[in-house]
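Q:
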Amino acid sequence: MSELSVNHLLGIKYINEKDIQLIFETADHFKEVINRPIKKVPSLRDITIANLFFENSTRTRLSFELAEKRLSADVVNFSAASSSVKKGETLIDTVNNILAMKVDMVVMRHPNPGAGVFLSKHINASIVNAGDGAHEHPTQALLDSYSIRERLGDVAGKKVVIVGDILHSRVALSNIYALQLQGAEVMVCGPKTLIPKYIESLGVKVETNLKKALEWCDVANMLRVQNERMEISYFPSTREYTQQYGVTKSLLNNLSKEIVIMHPGPINRGVEITSEVADSNQAIILDQVQNGVAIRMAVIYLLASKIK
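The sequence shown: position 194 = 193 (numbering that gives the first Met the number 0), numbered continuously.
#1: Does DSSP put Val276 in a helix, a strand or coil?
#2: Let's see if you can read the secondary structure: which residues bound the alpha helix (DSSP H) around Ile175?
#3: Determine the burial state of Ile11: buried for a count of at least 16 other Cβ atoms within 10 Å of its Cβ, exposed for fewer.
#4: Among the residues of its own chain, which have a CB less than 6 Å from the CB of Ile272, if the five just before and after it don't count?
#5: Rounded to whole angstroms, what is the Cα-Cα separation between Ala293 and Pro41?
#6: Among Asn34, Arg35, Ile46, whose alpha-carbon lies nearest the alpha-carbon of Leu301?
#7: In its own chain, which residues sit with a C-beta less than 7 Å from the C-beta of Lys101, not counting the 5 before and 5 after it?
#8: I want to know whether the region 198-211 touches the region 146-155 - three or more CB-CB distances under 8 Å.
#9: CB Met261 to CB Arg69, shorter than 7 Å?
#10: Can you find a C-beta in chain C that's less than 7 Å from the C-beta of Ala26?
#11: Buried or exposed for Leu61, please, with buried defined as at least 16 other CB atoms from any protein chain shown within 10 angstroms of its CB.
#12: Rounded to whole angstroms, what's the CA-CA distance from Asn15 to Leu180? Just pull it up for me.
#13: Decide if Tyr197 is buried, meaning its Cβ has at least 16 other Cβ atoms within 10 Å, or exposed.
#14: Do Met186 and Ala219 have their C-beta atoms closer together than 7 Å?
#15: Identify every run of the beta strand (DSSP E) within the region 24-97, keeping only runs that are complete inside it and at least 3 residues long; order them along the chain.
#16: Is the separation between the beta-carbon of Leu193 and that of Asp164 shorter than 7 Å?
#17: Could you pull the start and end residues of the beta strand (DSSP E) that Met221 belongs to?
#18: If you follow the alpha helix (DSSP H) that Glu239 is part of, which residue opens it and which one closes it?
#19: Just how far apart, CA to CA, sit Gln289 and Pro263?
#20: I need the straight-line Cα distance from Ala129 to Asn6, nearest angstrom please.
#21: Where do the ends of the beta strand (DSSP E) carrying Ile126 lie?
#22: For Arg44, which residues of its own chain have a beta-carbon under 6 Å away from its beta-carbon, when the five flanking residues on both sides are left out?
#23: If you follow the beta strand (DSSP E) that Met107 is in, where does it begin and where does it stop?
#24: Answer with buried or exposed for Asp143, where buried requires no fewer than 16 other C-beta atoms within 10 angstroms of its C-beta.
#25: Would you call the CB atoms of Ile126 and Val94 closer than 7 Å?
Have a look at this one:
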């Protein structure tokens with residue numbers, strides 16, 4: 000059987016195109032499993048996984064937990080917001096305490112970029128990065144690419160625009176890496192203040208006019224504005240942002256072709272996309288959610304097979 004080239008999933012920049020294809024093929028199999036009447040497989044019956052969330056998360060945490068349970072793993076949930084971390088315990092102490100409980104794998108979300116890499120050097124367990132600050136969110140990028148492949152048949156040669164708050168988004172960076180590895184063309188679109196200066200060095204096109212970006216692309220991945228990561232104001236008002244960068248049904252209907260709309264969630268309805276767009280046939284937002292479980296099952300399964 001083929002295996003991943005890595006022992007951890009710390010970011011898309013650490014994996015290669017073969018890894019992505021292997022994850023997708025494995026996810027195809029698990030997607031079939033999820034749609035059966037009995038949705039569980041005994042694959043990881045002897046594996047214990049700790050979910051460490053040092054930052055709030057609903058969808059990602061539930062998606063990982065569901066994936067782990069579908070694989071019959073033992074799951075320990077740890078929410079740092081209500082833990083000893085508040086009393087000043089360090090990341091290493093927290094993790095060592097959890098490892099003393101004999102955990103095989105750690106799924107971690109942390110506000111500091113590079114937290115997963117730091118951890119992987121200090122502990123003897125497989126690490127899955129569930130988001131580190133504004134750095135990477137690899138499983139989100141994988142499920143996004145997988146959803147494009149499912150809708151359009153292939154990622155190679157497709158034109159994908161990522162719209163919105165690129166500066167604070169870990170989804171954007173992971174998506175750029177993943178899409179380019181698979182041969183897609185990537186553009187980012189948003190107010191100049193929300194596009195990082197280094198972005199063009201990644202081989203990405205930059206466009207500040209939303210209509211032009213939508214005319215160019217096959218797929219638009221709409222990001223929300225991350226107000227919680229902003230210390231200063233990056234644009235005059237939400238209303239003005241929506242007028243310039245919000246996608247409406249009439250805007251989509253006026254394009255010369257039909258494009259696919261994606262969103263990593265949570266959606267600010269009426270800001271970056273209207274409800275009409277979010278609930279339309281062009282949107283694959285609920286497919287992304289369903290695919291998230293299959294992709295996370297695949298990642299966990301493939302990493303666990305390297306532990307045994």
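By construction, the Cβ of each residue, glycine as well, lies at the ideal position given by its N, Cα and C atoms. Predicted model, so just to flag it, every value in this text is computed and none were measured.
A: Taking the structure as given:
#1: helix
#2: 169-180
#3: buried
#4: Met221, Val246
#5: Ala293 and Pro41 have their C-alpha atoms some 15 Å from each other.
#6: Ile46
#7: Thr47
#8: no
#9: no
#10: Protein chain content of the structure displayed is limited to a single chain, and chain C is not contained in it.
#11: exposed
#12: 7 Å
#13: exposed
#14: No, these two residues do not count as a Cβ contact at 7 Å.
#15: Whole beta strand (DSSP E) segments, 3+ residues: 47-52, 73-78.
#16: yes
#17: 218-221
#18: 237-244
#19: 12 Å
#20: 15 Å
#21: 125-131
#22: Ser71
#23: 104-109
#24: buried
#25: no
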